[in-house]
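Residue numbers (the numbering used here), protein chains in the order written: chain X, 2 to 334; chain C, 62 to 674. Note that beta-carbon positions come from the ideal geometry of N, C-alpha and C, so glycine has one too. On a predicted model such as this, the values are computed, not experimentally measured, just so you know. Here the structure is laid out as structure tokens; the discussion comes afterwards.
Written out as structure tokens, the structure reads:
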């Protein structure tokens with residue numbers, strides 16, 4: 002370990018004053034991220050945080066790393082260029098439900114299908130916070146907001162189901178109010194080779210307070226969260242008394258004792274399993290948290306590097322003079 | 062048999078898209094260039110992949126001028142029209158000079174073809190072409206006959222008719238077949254039958270022209286005497302691509318292109334994607350703004366980030382462009398302009414994005430705007446755009462257009478060793494480090510990339526505090542930063558060449574042009590000056606900021622006349638910047654100016670001025 006600086010959480014704290022509302026779930030995410038970086042990050046200078054627009058997207062300012070606060074929904078596209086040029090960097094994208102799924106929906110799915118080695122943290126509070134309280138793509142149908150006084154007419158998008166259908170190689174969910182679980186998930190994301198999508202159920206204390214409370218609140222989480230664990234059965238509820246069992250293309254809930262339990266395998270090649278898990282929603286179903294999917298596929302950067310070496314093998318290293326002189330001729334005098 | 066010497070010649074190949082017209086034109090141009098002619102080309106093809114066969118909307122044409130003297134355009138009109146069908150004749154006949162030669166393939170003049178082209182009778186024998194010489198034969202059938210010994214499907218044999226026609230044309234201009242035979246051998250080394258068939262067709266066409274008695278003479282266009290050296294013909298899109306590869310190598314940075322396919326810019330993406338062995342990374346993005354964002358991310362990470370598009374695509378990129386303005390990161394945006402607004406005329410040329418390039422962003426958001434003057438000049442302007450973007454930490458818009466992109470010309474190949482790109486490297490060693498401290502000379506901020514130890518910092522689209530770069534909503538700071546950004550861009554005028562002009566300040570009329578109008582305006586001015594008219598001409602390649610001496614030049618003339626392919630955009634900039642009553646001659650037909658139209662406009666304008674005096 003000679004020459005490697007040992008870092009702690011405080012090394013990742015920037016001097017910029019934090020401007021989130023008191024009680025915002027983002028504070029916990031920030032603290033946990035800083036701790037995870039101290040544990041997993043190689044150096045401060047090799048970590049880059051790229052964000053879009055929204056409350057969550059102020060996140061990079063508060064980290065003593067490189068940071069780029071960009072434009073609405075486009076952080077994954079900017080991250081693509083950064084990582085393609087310098088694959089050595091640990092690139093994190095910070096985004097919210099409006100930013101990633103509405104204005105940035107296109108970039109979100111394409112970043113995922115490319116499987117570039119970037120980590121996308123999607124803070125989901127089911128509301129537009131920075132623009133002060135309109136319904137978002139993850140707001141439930143009928144949600145009353147500033148722009149939907151009679152209820153949102155749109156059906157809610159499930160971010161992780163979308164990620165699964167774009168064949169994300171790493172899919173996970175955690176909550177802002179559970180730092181231990183969050184740290185485990187973020188650490189796994191940091192160590193994943195490929196695009197990691199992490200949905201963080203996050204509370205907006207001003208415009209959508211306690212929206213996730215029915216299932217992730219301290220009193221309800223034992224009953225309604227399903228903690229996904231590698232090679233363990235899909236059990237939930239008090240004393241693990243309930244189980245998810247297969248039902249056609251999806252799941253149904255059964256008593257654990259009577260059921261032939263399904264075992265959680267995040268390495269399942271087909272994305273259909275992760276999609277089915279990610280499509281479950283409260284109150285009909287428990288809300289799964291943890292790592293839904295974790296598979297290995299060649300990354301975009303790896304493919305690019307391979308292609309470059311093929312190109313060099315085929316055509317030799319670039320020779321500018323030869324390139325300019327291609328198809329040339331000596332003019333007759 | 063007589064051989065007639067010509068100083069220059071303009072010919073046009075026209076047929077159905079699918080007839081191999083573009084290949085035919087490109088082969089003849091390359092051939093002419095290798096023989097030492099100056100060459101300029103003007104391809105013209107439909108926006109549809111396969112417009113209905115035999116109709117005028119499906120006509121693909123290729124016009125070229127080749128010469129024994131310097132030329133600046135692909136020619137106003139042609140002396141020879143090769144028409145593979147009735148629709149090709151119909152759509153191109155208006156540009157054939159009186160007495161010009163029509164070489165027509167009878168196969169393309171069936172009753173159906175004639176009707177589809179909108180003729181009521183066969184134009185080849187109804188007397189309507191009495192002003193021209195017509196040579197008509199069934200070239201398709203002759204090709205089939207010449208190749209019948211080959212065991213090839215008839216469809217494939219018919220496809221060789223373009224090389225049969227090329228054989229005829231090469232005979233007419235007294236040119237050897239050997240270079241084209243060699244090219245075919247190289248091109249189809251893996252497809253022996255195709256190679257053999259095309260070589261046979263080429264020879265058959267040449268022999269046909271030699272043995273039939275329909276040609277009384279042949280013509281010769283000699284090499285340009287004083288121009289020796291290593292040349293190649295190059296299109297604007299190719300020249301841009303090579304220019305950026307060269308710039309990246311000189312700047313010692315990887316080249317990253319983010320792009321989304323769009324006509325007529327796509328060839329830049331195609332070309333650069335073939336040069337991964339140079340370390341070039343091309344990224345075909347999901348949309349235009351993603352392409353620009355990825356390029357900006359690449360620049361942020363230390364690459365020469367570029368993005369290429371055409372008009373409607375530029376609209377979609379603008380939010381990313383403004384982020385580059387605010388974060389002061391280098392980015393080159395290539396806009397190959399086409400007819401607009403909206404989807405407009407995808408395959409036709411226009412210069413109507415100038416105002417958009419200048420002002421099409423929210424906020425006070427100045428950035429440098431450059432415009433290439435000719436296909437070969439695209440190479441030089443790619444270097445310039447890269448130099449300015451990286452030296453001054455700013456996005457740069459480089460304007461090309463459809464005419465430059467697809468047109469090609471002879472290019473004296475530069476020696477890369479002699480190309481220098483002087484990058485003023487901001488001092489990264491200053492302590493303490495602040496991301497928005499400015500270099501005293503260039504006024505640009507340091508380009509410190511992620512991975513640099515000890516200089517972690519955050520940037521973004523929010524207004525920056527001067528020097529520290531922290532987000533700031535302070536009113537005085539916004540005023541100051543707006544000024545700093547404006548001054549940085551305006552200050553670039555000290556780092557670009559002075560404006561050259563032909564003529565003298567004794568002339569009373571100054572002609573201004575920009576971008577691809579360079580060729581036609583230069584040729585027209587030359588002609589008018591030779592006729593004794595006292596006019597000067599300045600062609601602008603730097604549109605923002607203008608060269609420092611432009612004000613002095615303009616002040617030296619009583620009258621200023623601007624030529625541009627849009628509805629009065631440069632003229633308004635000139636009027637606003639220099640507070641003068643410049644006039645303009647504009648054209649928005651999707652076609653480049655003709656030299657003769659410019660000549661006439663200038664004469665008319667001068668007469669108007671004289672009447673007024």
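- In terms of Cα proximity to residue 265(X), the closest of 293(X), 80(X) and 297(X) is 293(X).
- Rounded to whole angstroms, the Cβ separation of residue 131(X) and residue 54(X) is 7 Å, and the two are in contact under 8 Å.
- Residue 395(C) carries a strand assignment under DSSP once its states are collapsed to helix, strand and coil.
- By the CB criterion at 7 Å, residue 78(C) and residue 106(C) fall inside the cutoff.
- Residue 643(C): not part of any beta strand (DSSP E); DSSP gives it neither H nor E.
- By the C-beta density criterion, residue 110(C) is exposed, having fewer than 16 other C-beta atoms within 10 angstroms.
- Rounded to the nearest angstrom, the Cβ distance from residue 237(X) to residue 196(X) is 28 Å, too far for a contact under 8 Å.
- Each of 295(X), 261(X), 113(X) and 122(X) was checked against the Cα of residue 175(X), and the nearest Cα belongs to 122(X).
- Closest option to residue 111(X), judged by alpha-carbon separation, among 166(X), 92(X), 269(X) and 289(X): 166(X).
- Under the Cβ criterion of 7 Å, residue 102(C) is not counted among the residues facing chain X.
- In this structure, the CA atom of residue 433(C) is about 48 Å from the CA atom of residue 200(X).
- Neighbours of residue 474(C) in chain X, taken as residues at a C-beta separation under 7 Å, are given in chain order as 325, 326 and 329.
- Among the residues facing chain C, residue 37(X) is not included, as its CB has no counterpart in that chain under 7 Å away.
- Judged by pairs of C-beta atoms under 8 Å, the stretch 432–446 of chain C touches the stretch 570–586 of chain C, as three or more such pairs exist.
- Counting only runs that start and end inside the stretch 67–118 of chain X, the beta strand (DSSP E) elements of at least 3 residues fall at 67–70 and 91–97.
- Residue burial annotation: residue 209(C) is exposed, with fewer than 16 other C-beta atoms found within 10 angstroms of its C-beta.
- From the beta-carbon of residue 49(X), the residues of chain C found nearer than 7 Å are 511.
- The beta-carbon separation of residue 198(X) and residue 169(X), rounded to 5 Å, stays under the 8 Å limit for a contact.
- Taking CB atoms only, residue 109(X) has no neighbour in chain C less than 7 Å away.
- If the five residues before and after residue 626(C) are omitted, its C-beta is found closer than 6 Å to the C-beta atoms of 411, 412 and 648, all from its own chain and listed in chain order.
- The stretch 137–153 of chain C and the stretch 86–93 of chain C do not touch, with fewer than three beta-carbon pairs separated by less than 8 Å.
- In this chain, residue 239(X) is not harboured by any beta strand (DSSP E), its DSSP state being neither H nor E.
- Annotation: residue 127(C) to residue 133(C) spans about 10 Å, alpha carbon to alpha carbon.
- Put simply, of 599(C), 554(C), 540(C) and 391(C) the residue whose alpha carbon is nearest the alpha carbon of residue 453(C) is 391(C).
- Note that the C-beta distance between residue 165(C) and residue 120(C) is not below 7 Å.
- Looking at the DSSP output, residue 458(C) shares a beta bridge with 394(C) and 430(C).
- Taking a contact as a CB-CB distance under 8 Å, the pair residue 440(C) and residue 300(C) counts as one, their CB atoms being some 4 Å apart.
- Contact between the stretch 155–165 of chain X and the stretch 137–146 of chain X is present, with at least three C-beta pairs closer than 8 Å.
- Looking at the backbone, the Cα of residue 610(C) and that of residue 137(C) are separated by about 33 Å.
- Residue 185(C) and residue 191(C) have their C-alpha atoms spaced approximately 9 Å apart.
- Listed in chain order, the positions of the stretch 110–135 of chain X with a beta carbon within less than 7 Å of a beta carbon of chain C are 111.
- For residue 83(X), the residues of chain C that pass the 8 Å Cβ criterion are 358, 359, 361, 362 and 511, in the order they occur in the chain.
- At a cut-off of 7 Å, the C-beta of residue 18(X) has no neighbouring C-beta in chain C.
- For residue 101(C), the enclosing beta strand (DSSP E) stretches over residues 99–105.
- Inside the stretch 577–601 of chain C, DSSP marks whole alpha helix (DSSP H) runs of 4 or more residues at positions 579–591, from first to last along the chain.
- Here residue 416(C) has 630 as same chain residues with Cβ atoms under 7 Å from its own Cβ, once five neighbours each way along the sequence are excluded.
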